[in-house]
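Trainee: With the first letter of the sequence shown counted as 1, position 36 gets the number 36 in the UniProt record's numbering; the numbers rise by one all the way through.
Can you keep this structure in mind? I'll have questions shortly.
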Amino acid sequence: GTGADNNLYINQAIVFIEDAIQYRSINHRVDSKSLWLYRWYYSRTCQWILSLTITIILALAFVEKPSSLTITSDVRYRLPAWNPPCGLTESIELLCFLVFMVDVSVKSYLIGWEEFWKNKWLMAYILTLIVSLTDWTVSLSFFCTENVRIRRILRPFFLLQNSSMMKKTLKSINSTLPEMASVVLLLAVHLSLFTMFAMLLFARTKDGQQDKEWVGYFRNLPDSLTSLLVLLTTANNPDVMLPAYSKNRAYSVFFILFTVLGNLFLMNLLTAIIYNQFRGYLLKSVQSSLFRRRLGIRAAFEVLSSLKETPANAQQSYVSIGALLQVLQKVEMDSRCKQAIMRSLKMCSCDQLSAAQFQKLFEELDKDAIKQHPPSPQYRSHFLQKMQFAFGHPYFGYLGNVVALANIVSICVVLVMDADKQPSERDDFFLGAINCFFILYYLLEMLLKILAMGLKRYLSYPSNRFDGLLTVILLILEIATFAVYGFPHPGWRPEFMGLLSLWDMVRLVNMLIVFRFLRIIPNMKFMALVVTTLLDLVKNLRAFAGILVVVFYAFAITGIMLFKGAVVPLGNTRKKCDFVALLGHFEAEVICCLLYLLFVNLICRWAKIYFVAWWLISSVIWVNLFIALLLENFIHKWDRRCHREPLSDIEYQRTVELMFRDVLEEPTEEELMEKLHQHPHLQLCR
């Protein structure tokens, strides 16, 4: 019936708009039951359960054999780690696999059979689950005594496939690899040529006393290549050149040329290429996201225009404002955007919207997120107005910064004076009295700012929240110190009482005071620009951090599988390299050992391939990718700073998509309609 059709169109529009908000593809089933399942799957509860499941299965590696649940990682002192009984972690794994099977089943059903065969990620998802379940079955059949567990290496895939932005980032990295390969090849040629030169320069001679360079670094081809590769990271500089330099100063020219060509030219050339190419591919990815958003909005318009409210002989499609308001009430979107769209609809004088008007309404999604600070309180008292003017003035904040600097200087002076004193000779009276005075000033400053700005306006500034939180913590610690040890007085050196000694509490207070000095950052424009750039990277580039976790996790698990006895207690001089046994530390311990093992040569030669691969992926490629994104974000903020006047009451919050908004191209009407007509499950009337 007409009513059922209208409800279906309304629900389709709701889902299409939510797809546009999240940059999701609209190529999924659009019947009533599928729409309900689709919204349930992308609800916060389901996505939270899926994220929790991914976190749990990744965290299992910390408790599985070999467990990392020890206080120290030093093999000489740590106690035997707790190893869970067979079947405990396997049961948790099975529950996680069941969640993943439901996840992949729902995804496969929603996109349809035809789209499933085009989706390589879903096929890889199913293959990963099959391999993992097979390996899980083998583990139980061997009563958890098997040495190789393939499914542990595959676990990061679950994190990777769950993030669309991580997939786009990985695709961008993959597209950038051919350009990076040319520079890496040039780097390999550079290493090879200088390795040949080094073996000729530092060849073995008859005088064994003059062969220290040959013995230590250039005995054969693998050692020579390794020495220069490590020199490229500057980790063995200047040790690698000292034997030759002590023999003849002219040998330093070889090492200087190698370092200048490798580090200053080739490595920086690699950074430039990665920045240029990756920015281009990331821009294409963001352009694709914009197209998805425009397509979702246009799909919502088309289904709403099919409602039985538009005259049949209409030459152009329209959507009634009432229908759109009905949709907006059920759409899950940011309240700021929803309110802005509602205001625009109320100001609209017409009853119906064209496609262009409909699309323009939802351009609110592309705008900066603006945070307006609450107004200051209005006092009637003349005295309070004067206090509000005085303590709300920027100069009062500058005075607080000067006092904080004086506090830091006074702490430094006392620490320098007491640096060489024994604990029994140290008098904590001066440091305690200084802390007491400054903390009281910080408390007074916070209260006066709240009086001038009002509590809501005061808390709306991140710098004030940071400042106020540390002030409250400092006050609590100071009160605790007085309660346990009394007030400061000359010769104030009470014995240990409570959880912390007096000196521990004083040190904790002083560390917080030093940390509090970061409050000066918002008052220094250039420093604030750098800090906000870093914060934006942390908030908006979670996809890159996720891929970094995937790389670290995969290498850590691989390291566990490859190495046994690479780190042994002192006194045991065996050098062992076992590529079969599964013994060792987990992630943090493996990662911390990587370069150490390479440089001190505790492992066999073939294992160097593992560490070189780690260096290439984590240091060469990933660090340069991070530098490229850091540059892009900083340049973008710098350009905006030059073209926008700073407004004290407004904060702009931007996302990765908005970084490229000025250079993106809007899709044409023909492109959108052509894509809509190719939808596998949606039949349009026109």
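All C-beta atoms, glycine included, are put in the ideal place defined by N, C-alpha and C.
What do you reckon, are the CB atoms on L133 and V99 nearer than 8 Å?
Mentor: Taking the first residue of the sequence shown as 1, we reach residue 133 at position 133. Taking the first residue of the sequence shown as 1, we reach residue 99 at position 99. Cβ distance not < 8 Å, so L133 and V99 don't count as in contact.
Trainee: Cutting at 7 Å between CB atoms, please list the residues of its own chain near D211, excluding the five before and the five after it.
Mentor: Here residue 211 is taken as the residue at index 211 of the sequence shown, counted from 1. For D211, where only same-chain residues beyond five positions count, the Cβ hits under 7 Å are R204 and T205.
Trainee: Which of the three DSSP states, helix, strand or coil, is assigned to Y353?
Mentor: For the purposes of this step, residue 353 is taken as the residue at position 353 of the sequence shown. The amino acid occupying residue 353 in the given sequence is Leu; Tyr does not appear at that position. Collapsing the DSSP output to three states places L353 in a strand.
Trainee: Pick out whichever of A299, K386 and M166 has its Cα sitting closest to the Cα of Y9.
Mentor: Position 9 of the sequence shown, counting from 1, holds the residue named residue 9. When only C-alpha atoms are compared, the closest one is A299.
Trainee: Which same chain residues end up closer than 6 Å to E64 when comparing Cβ atoms and leaving out the 5 residues on each side of it in sequence?
Mentor: What you label residue 64 is simply residue 64 of the sequence shown in a count that begins at 1. So the list reads T89, once near-sequence residues are dropped.
Trainee: Exposed or buried, Y125, counting other C-beta atoms within 10 Å across all chains shown (16 or more means buried)?
Mentor: Taking the first residue of the sequence shown as 1, we reach residue 125 at position 125. Y125 is buried by the Cβ-count criterion.
Trainee: In the DSSP assignment, the alpha helix (DSSP H) including R29 goes from what residue to what residue?
Mentor: Counting from 1 along the sequence shown, the entry for residue 29 is found at position 29. Careful: R29 lies outside any alpha helix (DSSP H) and carries neither H nor E.
Trainee: Going by other Cβ atoms of all chains shown within 10 Å of its Cβ, with 16 needed for buried, is I213 buried or exposed?
Mentor: Position 213 of the sequence shown, counting from 1, holds the residue named residue 213. As written in the sequence, residue 213 is Glu, which differs from the Ile given in the question. Classification for E213: buried.
Trainee: With distances taken between CB atoms, is the gap from V183 to L266 smaller than 8 Å?
Mentor: Counting from one through the sequence shown, the residue named residue 183 turns up at place 183. Counting from one through the sequence shown, the residue named residue 266 turns up at place 266. It is a contact, given that the beta carbons lie within the stated cut-off.
Trainee: Helix, strand or coil, according to DSSP, for V63 in the structure here?
Mentor: Reading the sequence shown from its first residue, position 63 is the one you call residue 63. Coil.
Trainee: Would you mind stating whether E93 and L140 have Cβ atoms separated by less than 8 Å?
Mentor: Translated into positions along the sequence shown, residue 93 becomes position 93. Translated into positions along the sequence shown, residue 140 becomes position 140. It is not a contact, given that the beta carbons lie outside the stated cut-off.
Trainee: Can you tell me which of the three DSSP states Q22 falls into?
Mentor: The residue given as residue 22 occupies position 22 in the sequence shown. In this structure, Q22 counts as coil in the three-state DSSP scheme.
Trainee: With a threshold of 16 other CB atoms inside 10 Å of the CB of T471, please say whether the residue is buried or exposed.
Mentor: Here residue 471 is taken as the residue at index 471 of the sequence shown, counted from 1. Label assigned to T471: buried.
Trainee: Have a look at the DSSP bridge pairing and note the partners of V319.
Mentor: Locating residue 319 in the sequence shown gives position 319, where the first residue counts as 1. Under the DSSP definition of a beta bridge, V319 partners with L353.
Trainee: Quick check on DSSP: helix, strand or coil for K421?
Mentor: Taking the sequence shown and counting its residues from 1, one reaches residue 421 at position 421. Of the three classes helix, strand and coil, the one that applies to K421 here is coil, per DSSP.
Trainee: Would residue 694 and P488 qualify as a contact pair, given that the criterion is a beta-carbon distance under 8 Å?
Mentor: In this structure the chain extends from 1 to 686, so residue 694 is not present and cannot be described.
Trainee: If distances are taken between C-alpha atoms only, which option among P66, N248, L290 and F437 comes closest to L365?
Mentor: On the sequence shown, residue 365 is found 365 positions in, with the first residue counted as 1. Nearest option by C-alpha distance: L290.
Trainee: Less than 7 Å between C-beta atoms, sequence neighbours within five positions excluded: which residues of the same chain meet that for T70?
Mentor: Translated into the one-based positions of the sequence shown, residue 70 becomes position 70. Cβ neighbours of T70 beyond the five flanking positions: R78, L79 and A81.
Trainee: In whole angstroms, what separates the C-alpha of residue 694 from that of P156?
Mentor: Residue coverage of the chain in this structure runs from 1 to 686, which leaves residue 694 outside it and unanswerable.
Trainee: Only counting the same chain, and skipping five residues up and downstream in sequence, which positions put a Cβ closer than 8 Å to that of D135?
Mentor: On the sequence shown, residue 135 is found 135 positions in, with the first residue counted as 1. So the qualifying residues of the chain are R149, I150 and R151.
Trainee: For E18, count neighbouring C-beta atoms within 10 Å of its own C-beta (all shown protein chains included) and say buried if the count is 16 or more, exposed if not.
Mentor: Sequence index remark: in the sequence shown, residue 18 carries index 18 (1-based). Buried, because 16 or more other Cβ atoms sit within 10 Å of the Cβ of E18.
Trainee: Which same chain residues end up closer than 7 Å to F143 when comparing Cβ atoms and leaving out the 5 residues on each side of it in sequence?
Mentor: The residue labelled residue 143 in the question sits at position 143 within the sequence shown. The answer, listed in chain order, is C86.
Trainee: What are the start and end residues of the alpha helix (DSSP H) that includes residue 707?
Mentor: Residue 707 falls outside the range modelled here, since the chain spans only 1 to 686, and no answer is possible.
Trainee: N464: which of G400, H190 and S25 sits nearest, CA to CA?
Mentor: Counted from its first residue, the sequence shown places residue 464 at position 464. Of G400, H190 and S25, the residue nearest in Cα terms is G400.
Trainee: Where A452 and Y379 are concerned, what is the direct C-alpha to C-alpha distance, given to the nearest angstrom?
Mentor: Numbered from 1 along the sequence shown, position 452 holds the residue referred to as residue 452. Numbered from 1 along the sequence shown, position 379 holds the residue referred to as residue 379. If you take the alpha carbons of A452 and Y379, they lie about 10 Å apart.
Trainee: Could you work out which residue in L221, V550, A556 and V303 is closest to L676 when comparing CA atoms only?
Mentor: To locate residue 676, count along the sequence shown from 1; it is residue 676. Here the closest residue by C-alpha is V303.
Trainee: To the nearest angstrom, how far is it from the Cα of S108 to the Cα of Q277?
Mentor: Here residue 108 refers to the residue found at position 108 when the sequence shown is read from its first residue. Here residue 277 refers to the residue found at position 277 when the sequence shown is read from its first residue. Spanning the two alpha carbons is a distance of roughly 34 Å.
Trainee: Would you mind working out which of Q357, F552 and N435 sits nearest L512, comparing C-alpha positions?
Mentor: For this step, residue 512 is matched to residue 512 along the sequence shown. If we check each option's Cα against that of L512, N435 comes out closest.
Trainee: Using CA atoms only, rank isn't needed, just tell me which of I273, I256 and A198 is closest to I627.
Mentor: For the purposes of this step, residue 627 is taken as residue 627 along the sequence shown, with counting starting at 1. Answer by Cα proximity: I273.
Trainee: Alpha carbons only, please: which of D334, F158 and D351 is nearest the one belonging to V319?
Mentor: Residue mapping note: residue 319 aligns to position 319 of the sequence shown, counting from 1. Out of D334, F158 and D351, D351 has the C-alpha closest to the C-alpha of V319.
Trainee: From the DSSP output, in three-state form, read off L122 for me.
Mentor: Here residue 122 refers to the residue found at position 122 of the sequence shown. The answer is helix: DSSP assigns L122 an H, G or I state.
Trainee: Report the CB separation of G296 from I26 in whole angstroms; it is logged as a contact under 8 Å.
Mentor: Position 296 of the sequence shown, counted from the first residue, corresponds to residue 296. Position 26 of the sequence shown, counted from the first residue, corresponds to residue 26. Correct: roughly 5 Å between the Cβ atoms.
Trainee: State whether the region 218-236 contacts the region 155-173, with contact taken as three or more CB pairs (one from each stretch) at a distance under 8 Å.
Mentor: no
Trainee: Can you tell me the Cβ-Cβ gap for N407 and F438, rounded? I've got them flagged as a contact below 8 Å.
Mentor: In the sequence shown, counting from the first residue as 1, residue 407 sits at position 407. In the sequence shown, counting from the first residue as 1, residue 438 sits at position 438. Their Cβ separation, rounded to whole angstroms, is 4 Å, which keeps N407 and F438 in contact under 8 Å.
Trainee: Rounded to whole angstroms, what's the CA-CA distance from N220 to V240? Just pull it up for me.
Mentor: Within the sequence shown, numbered from 1, the residue matching residue 220 stands at position 220. Within the sequence shown, numbered from 1, the residue matching residue 240 stands at position 240. Cα to Cα, N220 sits roughly 15 Å from V240.
Trainee: Tell me the rounded alpha-carbon separation between M333 and C46.
Mentor: Looking up residue 333 in the sequence shown gives position 333. Looking up residue 46 in the sequence shown gives position 46. C-alpha separation (whole angstroms): 17 Å.
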